[in-house]
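S.K.: Taken in order, these protein sequences are the chains called A and B. Using full-length UniProt numbering, you'd call the opening residue of the first sequence number 1 and step up by one each time. Using full-length UniProt numbering, you'd call the opening residue of the second sequence number 1 and step up by one each time. C-beta atoms are modelled at their ideal positions from N, C-alpha and C, and glycine is treated no differently. Got a structure here, written out as structure tokens. Questions coming.
There are 2 protein chains.
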Amino acid sequence: MSEQAPLTPNETELRGLLDGRWAHVRERARDVVRGERFAPVYGLSVEEHRARTLDQLMALTETDMPGYGFPESVGGSDDVGASVVAFEMLVADMSLMVKMGVQFGLFGGAIKALGTDDHHRRYLPDVMSVALPGCFAMTETGHGSDVQRLRTTATYDPATEEFVVHTPDEAARKDYIGNAARDGRAAVVFAQLRTPGPDGLIEHGVHALMVPIRDEDGAALPGITIEDCGPKAGLNGVDNGRLWFDQVRVPRTDLLNRYGDVSPDGTYSSPIESPNRRFFTMLGTLIRGRISVAGGAGSATKAALTIALRYADTRRQFTRPAADGRPAEEVRILDYLAHQRKLLPALARTYALHFAQEELVTGLHELSRSEESDDRAQRELESRAAGLKAVATWHATATIQTCREACGGSGYLSENRIPQLKADSDIFTTFEGDNTVLLQQLTKGLLTDFKDSFGDLDQLGLAKFMAGKVFETVIERTAARPLIERLIAAAPGRGDESSLYNRGWHLELFEDREKHVIEGLAARLRRSKKDGSDAFEVFNQAQDHVLEAGRAHMDRVALEAFVAGIDRCGDKATAKLLNRLCDLFVLSVIEENRGWFLEHERISTSRAKAVTAAVNELCRGLRPYAVPLVEGFGLRDEWLGAPIALGAEHRRQGDRD
Amino acid sequence: MSEQAPLTPNETELRGLLDGRWAHVRERARDVVRGERFAPVYGLSVEEHRARTLDQLMALTETDMPGYGFPESVGGSDDVGASVVAFEMLVADMSLMVKMGVQFGLFGGAIKALGTDDHHRRYLPDVMSVALPGCFAMTETGHGSDVQRLRTTATYDPATEEFVVHTPDEAARKDYIGNAARDGRAAVVFAQLRTPGPDGLIEHGVHALMVPIRDEDGAALPGITIEDCGPKAGLNGVDNGRLWFDQVRVPRTDLLNRYGDVSPDGTYSSPIESPNRRFFTMLGTLIRGRISVAGGAGSATKAALTIALRYADTRRQFTRPAADGRPAEEVRILDYLAHQRKLLPALARTYALHFAQEELVTGLHELSRSEESDDRAQRELESRAAGLKAVATWHATATIQTCREACGGSGYLSENRIPQLKADSDIFTTFEGDNTVLLQQLTKGLLTDFKDSFGDLDQLGLAKFMAGKVFETVIERTAARPLIERLIAAAPGRGDESSLYNRGWHLELFEDREKHVIEGLAARLRRSKKDGSDAFEVFNQAQDHVLEAGRAHMDRVALEAFVAGIDRCGDKATAKLLNRLCDLFVLSVIEENRGWFLEHERISTSRAKAVTAAVNELCRGLRPYAVPLVEGFGLRDEWLGAPIALGAEHRRQGDRD
């Protein structure tokens, strides 16, 4: 991209490209989620908001949304991709988004993934109709991220053919459980499964069971203690609570027994022998929630950018003096470079992540339909989901914050929606996996193709592994690999001689950075191990390097997805505009990380300065297209619900004339 | 700092150093702001919160706090520094902090600064007692940042010796005005002053008048329309509103006439001839609000860091395997490098900004007491206030966000205070001057020692000026200049040969960066002007460079203040600890900006990598002192009001054993 001739992007084409494979699901959501019942509101009390959210959830049961993710055998449409896309469309109130995710995705999803036909038949229809509102009771107070060490117990009693579910101490109370404080009637409870053996209890690790928690009237059942988590920064339409179990008995058949079962006499059996592998297989079936959160973060980001960019395109501040025959006029704030720099690189990254999300959802969807299990594909999907969830939610937090500031005092008023988007999405960086933990998990996945060999993801295991094996970098390939390789092959090689806008150079540079960071990390871990250093310390001291590797990987993944997305675009002018936007994504990533590129002599100092100049140039060139580009997201005006995004500022200025 | 031997910092010494010159004011606040009446609360409705905040403000009138900033002639103690410090101590509820700032700082402060003895006598006692709750009605919907162009008019009518205050259009309505929606009885209204002349009205620019807005019963007075801004992201204890004036008449004597007066016959007079200079002089008297916000942002940051670091010091997650005879144990999250990197560089910067704030308050205080006016000192103070407000509030927003994430789900619960700190302080980056505008203002101040020559701060004027004059860099000097120069003189010179921990090298590097960025900017502006480029475009295209210059300046200012602060420390071990913290501040700034340092060949690539390693090393070395360092801030436990910061996690873990 060197010239900046005006373009006429095609709106329909752009919308179609962004809507992607599940365009029909998006269109359906645009059709269904409207009117007073779904409109964004603010200023509700916690109880009012909870009641409204439940009412909205009930309204969704009149649509086909609840069935997307469930088997046809129980009345669903068995379209996992659709279930994730539907989740992200509920941006009009993110409490509804999350409440829906808890009911159908986490609670229903766990029954589907960890249960067997009997559970599906008995429970899923009531899950879909919300006749059985339920909880996903995994997280404990003492162990948020470290699921493997949770402490709730489920002990089998052969005498009555029941499991006894119990909370042994405060660390083991279930915490932050959605649907628990008000609406949930049952919970999928994760607990350490124990069966009687000749020498006492035998531990089988974490398993999940269906446990009723409230009666028809909403009262806690005997042995169940429920506490409200109380008000939160956001998402107050979701009733998070705490659960304690005091020797609560459930029938043997309510163990979700796909990956581990107990016979009437107490004999444990599992299709997966290694307890460690079993644990990670079970967790792996639950990644839909994580992928959904990445998508929801994307929607919140898009909504905030739509509001901020529409406002910046109309809001005027300070006067540009008359010059060159042009009269003095108040300047639209989006005409300021500083304002462009706040919002446009964020918009470019939002596009990149959108395409990466589409690829991820497709991957999940395909894997869910494949008959035979593919361990490597599953593992790659898990790594990708971990990484994308982390970068997409951090991007949401940073971008929505920037949008708040870009809208000044207007962005602080509840009526303009941004405060709610900020507060609601804020938890995304730490729920469904803490981002820092997830990014490490991604890097560990990248470090080796033989994850099973060290399996338990702990720091010691990894360092040991690194010491013993020849390292092999695994650059996972995105969908558009042949295209990517063609572009790289056409690049004029390293160094300063290629154009700053050469896509092949971009791709090669990002790939090179990822490879170098990962190889450097592997070498560092191996070296320290040889020194005989303490494995925990070795890994801990490299933690910044570990996180850097994850970020470098995700930058490459996002770029490749962006390139592949543009390749699918049928309209030339639209593709050209998207290529400019992709240039901005790439060059702003290089600018942000130019310390690294300079340190490692990947770019010269003059090239680094040229990158900054090019980012400025691209911002200026893209400024006229900022609003059309956010319109491409197709968020309904009523979902935005912000006067400053809906013509209030323009009308006010009109009044003045 | 190369060795990392254990230190025993002295708590009393540290507290005394941080409490600084107004230690007695801080102690008094610790004494007064306690108990149920001042305790942090959450979950209140907007109206409940407003009532509580007013009640707290009334409680403060029983102390000497309201009088700090007012003349002795009206019962105050004429201690401006104390008034700023008292403001920042009200962190138990930032709504109270801001409400107090509106009443005593903005409303009362404007009467004091812009009014004369008669106004002081008539109004200030009632301001201090809150018998007259008032508003500072400057901001208009159409012109938030561009105060000079506000549109409310105050037209003199000699027939009745009154001013007619009027809102000509929607752009001119007063917006976001604190105290307006519920409690205010009067407002200091900023308006374009006009007097009748032989050929129609003569414009005199922006002036301020006292305008009553509500009667004794709280009803809006005739001609006054008041609207509630409604719920906001935070600060809901402050009743922000909108004001319209329909030909409202006020007596001639209610013009705050220190800088411009109108005689009974309508003749305008002013001690300052240039309207432009008059405008900026009037605005300049109001910088106390901006300085207070910088301090308040500091307090919010300290509170969030105190909560997050105390929690991180007790919270455990994931297990460190047994090694070297040490048993396996769950790791405290502050022992992870990634967690240290989230919080400790932010803590170091918080210290640096604390000392910079103390210097700024001292500067304001001294200037307020000096008999003769010192234009240069005043201008430097304004630049410094603009810059510190910008960097301190951005730092608050970023750090409190990080603290939220560092506390995981606990950080999202309202009971743990961080959500409120985040939401309340969020507006700080854009009120009392939008940060981006302020940082530009700072740079413009730095660009020349002759601000009056281009005066009006617009972009054209500046570019014109740059083209015509020889550029002279003005590195403003901080308090400890002789010390700084001694340290720089002792530095072994540029390049890699000096220790990474050599303070002289740090100081020189920061100064060199600032100088280079500013000189480069000046050259760029001058060059473009010679080309005959459009002045607005020239400046706009350099806007990222302009902001970079402001940031570079403030990094140097913060470092010098930190160095000067340590120099005042009487205890050797405490000073040593603070020197380590200062190293972390410096090296994390270098790391963050290493792109620039490398691009401009200020450091080598190997030195850049060594800086990253040193930041890691410093984090590890400072980890044991993190909690003592936040205790130094002296925030009362009851102000934090967060169970996770008050032993809940520790007790829970104890229960388990």
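According to DSSP, is C619(A) part of a helix, a strand, or is it coil?
M.R.: helix
S.K.: With H, G and I counted as helix, E and B as strand and the rest as coil, what does DSSP make of G205(A)?
M.R.: strand
S.K.: Which same chain residues end up closer than 6 Å to A648(B) when comparing Cβ atoms and leaving out the 5 residues on each side of it in sequence?
M.R.: none
S.K.: Could you tell me whether any Cβ in chain B is nearer than 8 Å to the Cβ of F454(A)?
M.R.: Any reading at F454(A) must be qualified, since the residue scores a pLDDT of 36, below 50, and its modelled position is unreliable; no value is offered.
S.K.: Is L635(A) near V74(A), with beta carbons less than 8 Å apart?
M.R.: no
S.K.: For the structure I just gave you, are there three or more beta carbon pairs, one from the segment 186–203 of chain A and one from the segment 135–150 of chain A, closer than 8 Å?
M.R.: yes
S.K.: According to the neighbour-count rule (16 or more other Cβ atoms, all chains shown, within 10 Å of its Cβ), is M58(B) buried or exposed?
M.R.: exposed
S.K.: Considering I307(B), what are the terminal residues of the beta strand (DSSP E) in which it resides?
M.R.: No beta strand (DSSP E) contains I307(B), which is instead part of the alpha helix (DSSP H) from 287–314.
S.K.: Using 8 Å as the threshold, is the C-beta distance between Q56(A) and D79(A) below it?
M.R.: For Q56(A) and D79(A), no; Cβs fall outside 8 Å.
S.K.: Under 8 Å between C-beta atoms, does P6(B) make it to chain A?
M.R.: no
S.K.: Please give the ranges of any beta strand (DSSP E) in the UniProt domain "Acyl-CoA oxidase/dehydrogenase middle" (135–248) of chain B, keeping only runs that are unbroken, at least 3 residues long and fully inside the region.
M.R.: With a minimum length of 3 residues, the continuous beta strand (DSSP E) runs that stay inside the UniProt domain "Acyl-CoA oxidase/dehydrogenase middle" (135–248) of chain B are 153–157, 162–166, 174–177, 186–197, 200–212, 224–228, 241–245.
S.K.: Specify whether the segment 221–237 of chain B and the segment 399–417 of chain B touch according to this definition: at least 3 beta carbon pairs, one from each stretch, less than 8 Å apart.
M.R.: Not touching, per the Cβ criterion.
S.K.: Comparing C-alpha positions only, which one of R527(A), I272(A), L442(A), R417(A) sits nearest to T391(A)?
M.R.: Inspection of the sequence shows that residue 391(A) is occupied by Val rather than by Thr. Ranking the options by Cα distance to V391(A), first place goes to L442(A).
S.K.: If you drop the 5 nearest sequence neighbours on each side, which residues of the same chain put their C-beta closer than 7 Å to that of Y176(B)?
M.R.: T139, C229, N240
S.K.: Distance check for G289(A) and G445(A), CA to CA, integer angstroms please.
M.R.: 19 Å
S.K.: Should Q247(A) be labelled buried (16 or more other beta-carbon atoms within 10 Å of its own) or exposed?
M.R.: Label assigned to Q247(A): exposed.
S.K.: So is P40(B) buried or exposed if we call it buried at 16+ other beta carbons inside 10 Å?
M.R.: With 16 or more Cβ atoms within 10 Å of its Cβ, P40(B) is classed as buried.
S.K.: Run through the DSSP bridge pairs and tell me what R332(B) is partnered with.
M.R.: Paired residue(s): R316(B).
S.K.: Taking the alpha helix (DSSP H) that A385(A) belongs to, which residues open and close that run?
M.R.: 375–406
S.K.: For D424(A), which residues in chain B fall below 9 Å Cβ to Cβ?
M.R.: What D424(A) touches in chain B: nothing, since even the nearest Cβ is about 10 Å away.
S.K.: For chain B, is any of its Cβ atoms less than 8 Å away from the one on Y311(A)?
M.R.: Taking Cβ atoms only, chain B never reaches closer than 8 Å to Y311(A), which makes this a no.
S.K.: According to DSSP, what are the bridge partners of L255(B)?
M.R.: For L255(B), which the question treats as bridged, DSSP gives the partners L209(B).
S.K.: Using the Cα positions of V262(A) and A159(A), report the straight-line distance between them to the nearest angstrom.
M.R.: 13 Å
S.K.: Chain A partners of A608(B), CB-CB under 8 Å?
M.R.: G595, L598, E599
S.K.: Going by other Cβ atoms of all chains shown within 10 Å of its Cβ, with 16 needed for buried, is K572(B) buried or exposed?
M.R.: exposed
S.K.: If the cut is a Cβ gap below 7 Å, which residues of chain B does Y176(A) touch?
M.R.: The answer, in chain order, is G409.
S.K.: Count the other C-beta atoms from every protein chain shown that fall within 10 angstroms of the C-beta of S24(A), then say buried if there are 16 or more, exposed otherwise.
M.R.: Checking the sequence, you will find His at residue 24(A) rather than Ser. Its Cβ having fewer than 16 others within 10 Å, H24(A) is exposed.
S.K.: Please classify D254(B): is it buried, with 16 or more other beta-carbons within 10 angstroms of its beta-carbon, or exposed?
M.R.: buried
S.K.: Check the Cβ of S414(B) against every Cβ in chain D and list those closer than 8 Å, keeping chain order.
M.R.: Any reference to chain D falls outside this structure, whose protein chains are A and B.
S.K.: Which word fits E497(A), buried or exposed, when buried means at least 16 other C-beta atoms lie within 10 angstroms of its C-beta?
M.R.: exposed
S.K.: Would you report the Cα separation of S373(A) and L367(A), rounded to the nearest angstrom?
M.R.: 8 Å
S.K.: On the DSSP bridge assignment, give the partners of Y268(B) in chain order.
M.R.: V262(B)
S.K.: Given a threshold of 16 other Cβ atoms within 10 Å of its Cβ, counted over all protein chains shown, does T8(A) qualify as buried or as exposed?
M.R.: exposed
S.K.: Does the CB of N540(B) have a neighbour CB from chain A at under 8 Å?
M.R.: yes
S.K.: By the 10 Å Cβ neighbour count, where 16 or more other Cβ atoms means buried, how is A172(A) classified, buried or exposed?
M.R.: buried
S.K.: Suppose only complete runs of 4+ residues qualify. What are the alpha helix (DSSP H) ranges in the segment 501–570 of chain A, listed by chain order?
M.R.: Annotation: the segment 501–570 of chain A contains the following complete segments of the alpha helix (DSSP H) (minimum length 4 residues), in chain order: 503–530, 535–541, 543–567.
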